[in-house]
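**Q** This is the structure I want to talk about, given as structure tokens.
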Amino acid sequence: MTPGSLAHVNPGELSSAVIDAVRDAVADGDISVPIPQMAPVEATATGDYATPLPLRLARAAGRSAPEVAAILAKRLAKRPGVRTARTTGPGFLTITMDTPLTARIDESYGLMAVPPAELWPTRPLTFDNPGFRVRFAYARACGVRRHAADLGMRETDGPLDDPRERLLIGLLADFPGRAEQAARQNDPRPFTRHLERIADAYHDVHEQCPALPRGDESVDTRHTARLGLARAARIVLGNGLRMLGEMPEDRL
Numbered sequence: 001m002t003p004g005s006l007a008h009v010n011p012g013e014l015s016s017a018v019i020d021a022v023r024d025a026v027a028d029g030d031i032s033v034p035i036p037q038m039a040p041v042e043a044t045a046t047g048d049y050a051t052p053l054p055l056r057l058a059r060a061a062g063r064s065a066p067e068v069a070a071i072l073a074k075r076l077a078k079r080p081g082v083r084t085a086r087t088t089g090p091g092f093l094t095i096t097m098d099t100p101l102t103a104r105i106d107e108s109y110g111l112m113a114v115p116p117a118e119l120w121p122t123r124p125l126t127f128d129n130p131g132f133r134v135r136f137a138y139a140r141a142c143g144v145r146r147h148a149a150d151l152g153m154r155e156t157d158g159p160l161d162d163p164r165e166r167l168l169i170g171l172l173a174d175f176p177g178r179a180e181q182a183a184r185q186n187d188p189r190p191f192t193r194h195l196e197r198i199a200d201a202y203h204d205v206h207e208q209c210p211a212l213p214r215g216d217e218s219v220d221t222r223h224t225a226r227l228g229l230a231r232a233a234r235i236v237l238g239n240g241l242r243m244l245g246e247m248p249e250d251r252l
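So that you can map any letter, position 93 of the sequence shown is 93 in UniProt numbering, and since no number is skipped, the others follow by simple counting.
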């Protein structure tokens, strides 16, 4: 089959791409297994995606899980938008996209209908209130955008290697998957909890890995790379609030 682009990937689209790879491998005679209906795909802490499907197919295929993963990886690596597909661990299939996650997040990222949820209370305006943490995280990210514009800063690609940054990237990558889970289970709680985790992770990044220079600091590539992460967090937090029926506010 002609592979479609995965430039604006979400876990659901990747799941379909993995199943397509299984179907093609079966058609080519490389493995003989029943075609599964879906492949579980999870975001990793680096913004990559991984599926344990080869572990589940290994027995039926009469091959080791790493062998199954390698067969599927060969096909997935040909998909537009995929940089690498490879075997990791005991037989996971891990996929790295052509562009970093922060560059792939646009204003439509993750938007979909989720079940109605009881909104967080508006008060107290303290970190004890998860709703305040989410709303304030969004407002903080909006503030970064305003101040960066005042300084004439522009996003650049660059390493985001701090563990706090990697944690946030992984949570952002998993945002569409948690929305899909909420819709599939008709339960908004996994989605709202995930939004809270994103907010908490962004507060840590904002305070410990700032996108804006402090004091007499000059703007450097660390700041401009982090600016892209702040933009991605702003979009995801804003989209999450809108999906729950709340209009996010730029300032609190």
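We put the CB at the ideal spot given by N, CA and C, even for glycine.
Since we're looking at a predicted model, the values are computed, not measured.
Going along the chain, which unbroken runs of the alpha helix (DSSP H) with 4 or more residues stay wholly within the region 75-147?
**A** The region 75-147 contains these whole alpha helix (DSSP H) runs: 101-104.
**Q** Buried or exposed: which applies to residue 115, given that a residue is buried once 16 or more other Cβ atoms fall within 10 Å of its Cβ?
**A** Result: exposed.
**Q** Report yes if the CB atom of residue 205 is closer than 9 Å to the CB atom of residue 173, and no otherwise.
**A** Cβ distance not < 9 Å, so residue 205 and residue 173 don't count as in contact.
**Q** State the beta-bridge partners of residue 51 as determined by DSSP.
**A** Beta-bridge pairing links residue 51 to 93.
**Q** Secondary structure at residue 45, three-state DSSP: helix, strand or coil?
**A** Three-state result, residue 45: coil.
**Q** With distances taken from CA atoms, which of 12, 100 and 81 is nearest residue 46?
**A** Ranking the options by Cα distance to residue 46, first place goes to 100.
**Q** Please determine, among 233, 248, 55 and 111, the residue with the shortest C-alpha to C-alpha distance to residue 167.
**A** Residue 167 has its Cα closest to that of 233, out of 233, 248, 55 and 111.
**Q** How big is the Cα-Cα spacing for residue 88 and residue 35?
**A** Going from the Cα of residue 88 to the Cα of residue 35 covers about 22 Å.
**Q** On the DSSP letters alone, give me the boundaries of the alpha helix (DSSP H) that residue 235 sits inside.
**A** Counting along the chain, the alpha helix (DSSP H) containing residue 235 begins and ends at 221-243.
**Q** Does the beta-carbon distance from residue 225 to residue 152 come in below 9 Å?
**A** In this structure, residue 152 does not lie closer than 9 Å to residue 225 by Cβ.
**Q** Comparing C-alpha positions only, which one of 149, 133, 220 and 105 sits nearest to residue 176?
**A** If we check each option's Cα against that of residue 176, 105 comes out closest.
**Q** Can you tell me which of 60, 82, 23 and 64 puts its alpha carbon nearest to the alpha carbon of residue 50?
**A** Among 60, 82, 23 and 64, the Cα nearest to that of residue 50 is on 82.
**Q** Buried or exposed, going by whether 16 or more other CB atoms sit within 10 Å of the CB of residue 194?
**A** Per the 10 Å Cβ criterion, buried.
**Q** Going along the chain, which residues of its own chain have a beta-carbon closer than 8 Å to the beta-carbon of residue 140, five neighbours each way excluded?
**A** Here the set comprises 202, 203 and 206.
**Q** As a quick exercise: from 160, 77, 61 and 90, pick the residue whose alpha carbon is nearest that of residue 52.
**A** Closest by alpha carbon: 90.
**Q** Assuming residue 164 is part of the alpha helix (DSSP H), what are its boundary residues?
**A** Element bounds for residue 164: 163-173.
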